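A quick write-up on the structure given underneath.
Okay, here's the thing in structure tokens:
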């Protein structure tokens, strides 16, 4: 577990052991997790993705999960999805988009943090090679495995 204040937001980055302990005990830092039934499947899935760091924001059993990926050595908040190309309508695989506003709650300057993430280059569809602008995809898991 690694506590970091990033952009004015207090976060707890979880290790694989932390995640395993949460899944086994249904608690974190001695508190029952109020939304364990929602949190558990997400933790189980996301911890398998190469390059995704999982952080919790909150306190006393009420935590929100936030995923981070590194782009050019910096951490960015992302929503994880299997993006569908707006051009060819095919799935391009597990990816990250910074466009979900909820990711920036409680940042000191959420608009600035969001703007920095949205300024990153957009990835291209693995099928038609056109930009995934609609979802503003900035990260692909398959690129982490290469």
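Numbering (UniProt numbering), first residue to last: 1 to 146. The beta carbon of each residue, even a glycine, is placed where N, CA and C say it ideally should be. Predicted model, so just to flag it, every value in this text is computed and none were measured.
Sheet register partners of residue i (DSSP bridge)
{"i": "residue 79", "result": "97"}
{"i": "residue 71", "result": "74"}
{"i": "residue 115", "result": "Paired residue(s): none; residue 115 is not in a bridge."}
{"i": "residue 57", "result": "64"}
{"i": "residue 2", "result": "13"}
{"i": "residue 28", "result": "31"}
From the options, residue whose alpha carbon lies closest to that of residue i
{"i": "residue 133", "options": "120, 144, 143 and 142", "result": "120"}
{"i": "residue 78", "options": "12, 4, 14 and 138", "result": "138"}
{"i": "residue 29", "options": "39, 35 and 1", "result": "1"}
{"i": "residue 124", "options": "97, 114, 106 and 113", "result": "97"}
Own chain, CB closer than 8 Å to residue i, minus 5 neighbours either side, in chain order
{"i": "residue 109", "result": "7 and 8"}
{"i": "residue 94", "result": "49, 80, 81, 82, 140, 141 and 142"}
Exposed unless 16 or more other CB atoms sit within 10 angstroms - verdict on residue i
{"i": "residue 147", "result": "Residue coverage of the chain in this structure runs from 1 to 146, which leaves residue 147 outside it and unanswerable."}
{"i": "residue 27", "result": "exposed"}
{"i": "residue 117", "result": "buried"}
{"i": "residue 130", "result": "exposed"}
Cβ-Cβ distance between residue i and residue j below 8 Å
{"i": "residue 67", "j": "residue 83", "result": "no"}
{"i": "residue 23", "j": "residue 44", "result": "yes"}
Sequence-distant residues of the same chain with beta carbon closer than 6 Å to residue i, five excluded per side
{"i": "residue 64", "result": "57 and 58"}
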